[in-house]
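Peer 1: Quick one: the structure is below, and I'll ask about it shortly.
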Ligand SMILES: C[S@@+](CC[C@H](N)C(=O)[O-])C[C@H]1O[C@@H](n2cnc3c(N)ncnc32)[C@H](O)[C@@H]1O
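Numbering (my numbering), first residue to last: 213 to 494.
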């Protein structure tokens, strides 16, 4: 998820990197250190706890108990990698198309004293510079729709993940998807928050992973449990509306708030949030 009122032109891979370069400071200020939706099940009572719970769910799906080398694809500023490294014994490599996120992530990792356990690199998830079967497990936390700027990229991504994970290795995957196209007006509201159009996110990830040769071991839709994210986001925006008005102008800030109220309704109508546990046959 991205959080800023920028609307750019047609997406390209380089453009997505520049977009995340641009929005990262604002997103950290208004939203937090994880660039994904919160997962509010059980004990998550704050936005931060919801964001962490989403990471934890994908970590669980990645079956990391025996992993020694893990890849985090589209790793944000390294927050999921830091959580992984502090809980499991594995070494984590994070790849991100955004140079600025790699830079900020390296600072965070250094501050946590984890530089020997986590390595962040700038790179394109569609052309990973790793040999075949390099990793025991892969994390893919809410990135599929961001990485894939064209429809054919979705197949490329799952094939690339199949290539770099070892036989018997696993993947924890989550992403927002749409099941049908929103109207033009709804797409405009979505643009307050999403860089891509809802219709571009119409994807059956489980089928794509199956076609690439993976076994789908677990699959669940967490859309309902992500919904409180919107209440927290709106509350933060309202609480910090003066700061937002200084940054974006008052009219634009009001427009953001207006659209933020519409987004949960649009998602309930058209979206799902699959979380998958995938295994490459041994
Ligand atoms: C919604 S954020 C999720 C970040 C992180 N997984 C997290 O949960 O905090 C999407 C991330 O994918 C990265 N990204 C987008 N396209 C990419 C690509 N082609 N290759 C690698 N990373 C990419 C973005 O820069 C951003 O860090």
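Ideal placement from N, C-alpha and C gives every residue a C-beta, glycine not left out.
Where does residue 263 land, buried or exposed, given buried means 16+ other C-beta within 10 angstroms?
Peer 2: In the chain shown, residue 263 corresponds to position 51, counting from 1. Counting Cβ neighbours within 10 Å, residue 263 comes out buried, since at least 16 surround it.
Peer 1: Assign residue 419 to one of two classes, buried (16 or more other C-beta atoms within 10 Å of its C-beta) or exposed (fewer than that).
Peer 2: As a position in the chain shown, residue 419 is number 207, starting the count at 1. The residue is exposed, with fewer than 16 neighbouring Cβ atoms inside 10 Å.
Peer 1: If you count every other CB in all the chains shown that lies within 10 Å of the CB of residue 509, and 16 or more means buried, which is it?
Peer 2: Residue 509 lies beyond the range of the chain shown here (213 to 494); nothing can be said about it.
Peer 1: The beta strand (DSSP E) with residue 285 in it runs from where to where?
Peer 2: Taking the chain shown and counting its residues from 1, the one referred to as residue 285 is at position 73. Segment 281-285, the beta strand (DSSP E) holding residue 285.
Peer 1: Is residue 280 near ligand 1 - that is, is its Cβ less than 7 Å away from at least one heavy atom of it?
Peer 2: Stepping through the chain shown from its first residue, residue 280 is reached at position 68. Result no, Cβ not under 7 Å from ligand 1.
Peer 1: Which residues bound the beta strand (DSSP E) around residue 333?
Peer 2: Within the chain shown, numbered from 1, the residue matching residue 333 stands at position 121. Note, residue 333: beta strand (DSSP E), 330-334.
Peer 1: Under the criterion of a Cβ to heavy atom distance below 7 Å, does residue 336 qualify as lining ligand 1?
Peer 2: Start at 1 with the first residue of the chain shown, and residue 336 comes out as number 124. True, at least one ligand heavy atom lies under 7 Å from that Cβ.
Peer 1: In its own chain, which residues sit with a C-beta less than 6 Å from the C-beta of residue 234, not counting the 5 before and 5 after it?
Peer 2: Numbered from 1 along the chain shown, position 22 holds the residue referred to as residue 234. Nothing listed; no residue qualifies.
Peer 1: Can you tell me whether DSSP reads residue 365 as helix, strand or coil?
Peer 2: Position 153 of the chain shown, counted from the first residue, corresponds to residue 365. Residue 365: helix per DSSP, three-state reduction.
Peer 1: Verify the contact flag: residue 310, CB atom, against every heavy atom of ligand 1, threshold strictly below 7 Å.
Peer 2: Walking along the chain shown from the start, residue 310 turns up at place 98. For ligand 1, at least one heavy atom lies less than 7 Å from the Cβ of residue 310.
Peer 1: List the DSSP bridge partners of residue 224.
Peer 2: On the chain shown, residue 224 is found 12 positions in, with the first residue counted as 1. DSSP, once it has assigned bridges, lists no residue as partnering residue 224.
Peer 1: What ranges does the beta strand (DSSP E) occupy inside the segment 244-293, keeping only unbroken runs of at least 3 residues that lie completely in it?
Peer 2: Listed in chain order, they are 281-285.
Peer 1: Skipping 5 residues on each side, what residues in its chain have a beta carbon closer than 6 Å to that of residue 398?
Peer 2: Along the chain shown, read from residue 1 onward, the residue named residue 398 stands at position 186. So the qualifying residues of the chain are 478.
Peer 1: When you compare each of 490, 446, 440, 445 to residue 255 by their alpha carbons, which one comes out closest?
Peer 2: As a working note, residue 255 is residue 43 in the chain shown. Among 490, 446, 440, 445, the Cα nearest to that of residue 255 belongs to 440.
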